[in-house]
Each structure stands twice: as C-alpha cells, then as structure tokens.
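Residue numbers (our numbering): 1 to 713. Even glycine gets a Cβ: it sits at the ideal position worked out from N, Cα and C. The structure presented is a predicted model; accordingly, all values stated were derived computationally and were not measured. Notes follow once the structure below has been shown.
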C-alpha cells in the first residue's frame with residue numbers, strides 16, 4: 001500500500017501541470033455501481049472493497065469517503081496510512097479540498113470515471129479558491145497497477161424477445177420520438193444497463209450484473225453499438241444487422257463523439273458527408289426499425305445523461321449544443337411500460353396511462369416465486385442442519401430408538417440437548433459440548449442457498465454477493481464473508497441473510513433475519529420495530545406523482561421523504577435508526593440496484609416520484625455495532641391505490657408484494673403489534689404457503705406450514 005501511494009505521488013509530481021491531489025472514484029467508464037475486476041482502482045489503492053466510496057490522495061494524506069453502509073467495513077479494511085471520512089458526518093470531499101488544499105491547487109481525475117454532474121459540481125466548488133479540476137490524459141492508477149486484470153472479452157448474449165417483451169425496433173422508435181420531442185438529434189448512452197435494455201442484449205463482463213461493456217449512440221436515423229468486436233459471434237453480428245445496429249470498436253466512441261459533435265457521424269466511417277438532421281414533427285411516421293423520415297423540423301441538440309455520461313465524452317461536445325438531462329431510458333426501463341414517450345403528459349393530467357409490458361412484469365413475479373421457494377428450502381435446510389449438528393454428539397451415548405423418539409418430538413430434544421431451531425426458543429447446549437463439532441460457516445451456508453437457487457428454471461447466477469452474516473458481522477451493513485475468515489453459524493446469535501439471483505425473466509433481492517436459539521427481549525423488540533416499519537411502508541397509500549415538474553416540488557418532497565419516514569417511525573420510537581436508504585428499484589434480468597427512483601432520506605429521492613409498474617424494495621433495518629444486525633426486505637410493485645376518494649384528482653398509489661418468504665414468528669414481540677399488522681402478517685403468510693406449495697416437497701411444505709401458522713395477539 002505504501003509503495004502504491006509513493007508511486008502515485010511520484011506521477012502526480014511529474015504530471016503537467018503538477019497535481020496537488022488525485023481523486024480515485026469507484027466507478028468505471030460507465031459510472032457503474034458494480035465494476036469489473038479491472039476497474040476496481042479505488043479498491044486497489046485503498047484496500048477498501050465496498051461498492052461505494054471515493055479516494056483522495058494528496059502529497060501528504062490519503063482519505064476515503066464512504067456512506068453509512070460501509071463505516072464498519074472501511075474502518076476494518078483501511079490501513080493506518082488512510083483516514084476514513086464518514087459521509088454525512090465528516091466534511092464532504094469538495095469542502096475538504098477547499099479547506100485543506102492550497103489556493104490554485106490542481107486536482108487530477110480520470111475524466112472517464114466521473115459523471116458530468118460530478119465534474120461540474122467540483123468545478124464550481126474548486127473555483128471558490130481558484131483551484132482547478134484537471135482531467136488527466138491517462139489513468140494514473142493504471143500506470144502503477146502492475147498486475148491489473150485484463151479487460152473482459154466474454155461473449156455478448158442476445159436476450160430473447162420472450163423475456164424482453166419489446167423489440168429493439170419498438171424501443172428505438174420510442175427513443176427517437178423522445179429525441180424529437182426534446183429537439184435533440186442524437187443521444188449518447190453510457191450506462192451499461194441502458195445499452196443492454198435498449199438493444200436486448202446481455203453479457204457477463206461485470207460479476208452479478210448481466211451486462212456487456214459497451215456504449216451506444218442513437219441518432220434520428222442510425223444506431224451504433226461500441227463494443228469489443230471479439231465479443232460478437234456470427235449470430236450476434238447477424239442480430240445487429242437485422243436490427244439496424246452498426247457495430248464499432250469499443251474505443252471508437254471517443255472519435256465518433258467528435259464526429260457527432262460536428263454533424264459528421266454516419267454508418268460508414270469512410271462517409272464524411274454530414275447527415276441530414278431534418279425530421280418530421282409527427283414522429284409516428286418512420287421506417288420499420290424506428291428511423292425518422294426527413295421534414296422541415298430541425299433538431300440540433302445532443303442528449304447526454306448528466307448523472308451517467310462520463311465527463312470525457314462531454315468534453316468532446318459543444319456545450320451549447322448539449323441537452324443535459326436524465327436519460328429517458330432510465331425511466332422507461334424502470335416503468336416496464338410503453339409507449340413511454342407519452343408518460344409526461346399522462347402524469348400531468350393525473351391519468352394512469354402507463355401501458356405495462358406484460359412479459360417483463362409476469363417474468364419478474366414468476367422469478368420471485370421461484371426465488372422464494374429457494375429461500376424457504378434454504379431456511380428449512382438450515383433449520384435441519386442446526387438441529388442435526390447438535391444431535392450428532394448424542395448418537396454416541398443414546399440408542400437409535402431414543403434418537404428416533406427425539407426426532408419425532410424434536411422440540412423436547414431441543415430444550416434438553418441442543419439448539420432450539422427456527423421455531424422454539426430454548427437455550428442451546430453449552431459450548432464445551434460443541435467445540436469438536438464441524439460447524440456451518442457463513443460461506444458454506446450461503447453456498448447451499450446458491451445451490452437451491454441454481455436448481456430453479458432460468459437461473460443465471462447471483463445478483464450480488466450474498467450477505468451471509470452472523471452476530472456482530474450483521475452490523476456491517478454490506479458485509480461480504482470470505483471463506484478463510486468468515487464466522488461459524490452460532491444458534492445463540494442473530495443471522496442476517498441478504499441475497500438475490502439473476503433469472504432470465506427477472507432479478508431478485510430478499511433479506512430475512514433469523515435466530516436459531518433463544519433471542520433476547522431486546523433483539524425481539526428491535527426485530528419487531530423493523531418489521532413494523534416494513535409493514536407500514538409496504539401497506540402505504542400515497543398521492544400520485546407528476547414526473548418532477550416544478551409545480552409539484554413540495555409534493556414530491558412530501559411523497560419521497562414521507563415514505564422513507566414510514567419505515568423509520570417505529571424505530572424512532574425507541575431511539576433507533578439505520579444509515580441506508582429504504583428502497584431501490586430492481587431490474588428485469590439487469591442490475592439489482594436500478595434507478596432512477598428510490599425511497600430514501602437522501603435529497604436525490606426527490607428527483608423522480610414513484611409511478612405505476614415501478615419496482616422498489618422495502619428494506620428497513622437496525623444495526624447494533626459489535627452485536628447484531630437486522631434487516632427485512634421485500635420487492636414491491638407500485639400499483640393504483642383504488643382509494644374511496646380522490647382528493648385533488650391526483651390519483652393514489654399503493655404497493656403489491658412480489659417477494660414470498662416467511663418472517664420468523666419467534667422473533668416477533670406480538671404485544672407490540674396492532675391488530676391490522678397481525679392481520680397483514682397472517683394474510684401474507686397464508687399467501688406464502690399457497691403460492692410456494694407447488695415448488696416444495698412434502699417435508700419442506702410441512703416446515704413452511706409451521707413457519708406460516710397464524711399469529712394471535
């Protein structure tokens with residue numbers, strides 16, 4: 001680590017101009033949350049492996065900023081050469097640089113690894129002290145990273161229409177209509193999931209995210225894909241030709257952006273004739289692949305997503321001819337609807353005209369059912385393993401007849417000899433009786449969960465590294481266990497498991513927290529408070545949104561923040577809280593974290609209101625440092641609320657749960673629940689049993705029947 005910092009400081013000193021500081025972001029060239037091994041530059045320089053964070057290296061200091069999900073993890077992973085800066089508690093990066101770096105300081109950053117929005121924010125902040133942001137011509141971390149992994153060359157995969165639900169031609173037609181509406185002649189698409197969604201392709205370039213490293217440029221009459229051509233099979237090349245997509249090498253996006261800025265980008269690299277940019281206002285008329293016919297209306301803007309487009313490409317454009325606005329693909333992808341070009345007007349009129357893509361929506365629900373079955377199989381298996389591991393020593397001292405008798409009346413055996421398991425609350429056997437036992441670990445247990453998922457139809461892998469955490473590890477919000485250092489499962493401690501999978505028809509994300517011994521009254525109070533917040537948010541009814549128009553700013557603040565408050569209020573009653581957002585979108589065989597919407601205390605939650613057919617998670621939690629963590633998470637779909645009245649003619653929305661797995665009844669302090677919450681739990685558990693039954697064997701079904709038995713006050 002010391003050698004890496006010294007090597008970087010040497011490059012900073014020899015840079016022209018010399019750099020007073022170097023910023024190392026977490027993101028890749030596409031502003032991805034999760035990146036490939038080659039792009040983990042911040043991990044390499046700092047040793048911190050969390051998905052969110054930013055490093056700053058000056059000539060004398062090295063600092064790392066990260067959010068509340070990673071405070072404990074970063075504190076453990078950073079060496080003494082690094083200072084942890086806690087977002088929301090310590091000065092922000094730009095403020096720190098303003099206060100601690102000299103006037104006229106030069107601050108370097110690779111412009112490919114930061115968004116336009118971030119770069120402009122920093123430029124404004126640095127200007128206060130005549131400091132300047134210096135885009136480096138090369139990535140300095142790459143210069144010192146001797147064993148940097150090579151770029152991925154995994155094959156591009158076509159995503160079948162039976163799962164995508166809409167053709168590339170239809171999506172391009174809608175996008176081009178949106179360009180006309182915004183007076184734009186082209187759009188540069190940099191987000192990997194947007195490229196994948198638009199062209200109905202997938203890949204394996206990034207672990208857990210089925211995307212391929214690629215850019216796209218769509219004009220009114222052409223569509224380009226920038227990708228390492230070695231990734232395309234003959235079948236993939238034919239697919240591109242059939243859909244009117246011109247394939248260029250990944251690196252050509254830089255020179256082609258220059259051509260685009262000067263109106264010279266055409267399908268043929270040899271053709272330098274400026275493309276005609278006149279289009280007809282009536283975007284309903286076009287060719288079969290969505291091309292727009294020419295007319296008298298002239299569009300001259302180039303659309304880039306201010307939060308997703310890298311600063312490097314933006315610098316190649318004429319700033320006066322750039323439309324800096326959120327990508328329309330982000331909302332279209334999140335809504336699972338069509339035609340999304342009409343949504344703005346529809347929401348202003350307060351009408352729910354979101355035309356669902358029935359294929360994606362049905363696939364998402366089916367994927368969650370199969371995934372729920374896998375989680376139930378895992379919990380039932382885990383319960384048996386915990387019990388069996390404590391039964392094993394008894395086989396040497398008791399007859400087989402006695403063992404059989406105990407198995408038939410397992411609750412009695414649990415109370416006398418071993419772990420109480422999923423259902424009972426007896427104390428576990430003393431540790432000295434267990435010291436020689438081979439125990440399950442966080443990793444071996446999560447491997448079994450993956451095995452159950454892998455047996456399900458359309459499984460393609462996990463959607464993120466499973467957070468399998470015992471006891472104090474559960475307090476590390478995004479804990480990632482390693483086989484060599486992970487903890488053993490302990491029936492006397494809480495076990496938090498946050499996991500998900502990628503299926504061809506949908507992406508899943510679910511969290512359950514359980515205890516296989518006797519939980520303390522405090523643990524039960526905390527669990528019940530989290531559950532109450534989870535139920536409160538999942539049952540909410542709230543006013544319809546309007547796509548963020550200024551007229552509704554106060555309303556949007558109310559809606560986005562008020563929903564987050566619903567999940568926290570039961571915790572606040574006890575002086576408890578959590579340092580992460582409450583809900584994020586989820587893709588359809590795409591990223592497990594999908595925007596542009598969210599439920600959170602963060603200001604960005606105000607940007608996009610929730611709309612019909614969006615998916616969003618409901619995941620409040622509580623984390624007690626050094627002791628335990630609790631989180632409960634379901635995926636919800638936003639739907640019409642069907643309220644008795646309709647104040648203000650806004651329309652009202654609510655949620656539909658599509659995640660199915662039981663909540664552990666013995667962790668619930670029923671005395672803290674109101675009748676409506678008990679009724680909801682019983683109804684949900686009844687549906688769990690009914691929906692998952694076809695996917696379980698007899699013993700698993702019996703286990704689920706016990707797990708979903710009605711709760712009484």
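Could you check the C-alpha separation between residue i and residue j for me, to the nearest Å?
i, j, result
"residue 317", "residue 619", "41 Å"
"residue 767", "residue 444", "Absent from the structure is residue 767, since the part of the chain shown begins at 1 and ends at 713."
"residue 601", "residue 611", "19 Å"
"residue 664", "residue 680", "15 Å"
"residue 2", "residue 48", "15 Å"
"residue 672", "residue 382", "28 Å"
"residue 192", "residue 583", "21 Å"
"residue 170", "residue 135", "38 Å"
"residue 137", "residue 144", "15 Å"
"residue 460", "residue 450", "11 Å"
"residue 167", "residue 707", "43 Å"
"residue 587", "residue 72", "29 Å"
"residue 151", "residue 231", "12 Å"
"residue 36", "residue 56", "21 Å"
"residue 9", "residue 102", "17 Å"
Give the DSSP-derived three-state secondary structure of residue i in the structure shown.
i, result
"residue 494", "strand"
"residue 56", "strand"
"residue 653", "strand"
"residue 116", "helix"
"residue 459", "strand"
"residue 272", "With a pLDDT of only 43 at residue 272, under the threshold of 50, the placement of this residue in the model should not be trusted; the figure read from the coordinates follows. Looking at residue 272 - three-state DSSP - the assignment turns out to be coil, as it is neither helix nor strand."
"residue 305", "coil"
"residue 237", "helix"
"residue 598", "strand"
"residue 464", "coil"
"residue 477", "coil"
"residue 439", "coil"
"residue 267", "coil"
"residue 300", "coil"
Leaving out five residues before and five after residue i in sequence, what residues of the same chain have Cβ atoms less than 6 Å from its Cβ?
i, result
"residue 307", "115 and 117"
"residue 69", "477, 478 and 580"
"residue 372", "660, 661 and 692"
"residue 197", "333"
"residue 253", "215 and 226"
"residue 209", "34 and 591"
"residue 311", "111, 114, 116 and 119"
"residue 164", "200"
Using the Cβ count rule (16 or more neighbours within 10 Å means buried), how would you classify residue i?
i, result
"residue 153", "exposed"
"residue 617", "buried"
"residue 305", "buried"
"residue 188", "buried"
"residue 714", "Residue 714 lies beyond the range of the chain shown here (1 to 713); nothing can be said about it."
"residue 697", "exposed"
"residue 299", "buried"
"residue 642", "exposed"
"residue 656", "exposed"
"residue 677", "buried"
"residue 24", "buried"
"residue 146", "exposed"
"residue 358", "exposed"
"residue 554", "With a pLDDT of 43 at residue 554, under the threshold of 50, the modelled position of that residue is not reliable, and the figure given next carries that caveat. Classification for residue 554: exposed."
"residue 522", "exposed"
Whose C-beta lies closer than 8 Å to the C-beta of residue i among residues of the same chain, with five residues either side of it excluded?
i, result
"residue 250", "213, 214, 215, 226, 227 and 228"
"residue 645", "none"
"residue 301", "182, 183, 184, 185, 321, 322 and 323"
"residue 52", "26, 33, 66, 67, 69 and 70"
"residue 83", "61, 62, 63 and 64"
Once the 5 residues before and after residue i are set aside, which same chain residues still bring their CB inside 7 Å of it?
i, result
"residue 259", "265"
"residue 614", "334, 335, 585, 597 and 638"
"residue 272", "Low confidence applies to residue 272: its pLDDT is 43, below 50, so where it sits in the model is not reliable, and the reading given next is rough at best. Excluding sequence neighbours, residue 272 sits near 264."
"residue 452", "374, 377 and 378"
"residue 148", "38 and 142"
"residue 75", "84"
"residue 156", "201, 203, 212, 227, 231, 232 and 236"
Alpha helix (DSSP H) segments (min. 4 residues) lying fully within the segment 510 to 591
521 to 538 and 553 to 572
What are the complete alpha helix (DSSP H) segments, minimum 4 residues, inside the segment 166 to 206?
168 to 181 and 192 to 199
Which ranges does the alpha helix (DSSP H) cover as unbroken runs of at least 4 residues, wholly within the segment 639 to 702, from first to last along the chain?
675 to 692
Curious, which full-length beta strand (DSSP E) runs of at least 3 residues does the segment 30 to 117 contain?
54 to 58, 62 to 66, 83 to 86 and 106 to 109
Length-filtered (3 minimum) beta strand (DSSP E) runs lying within the segment 129 to 173
132 to 135
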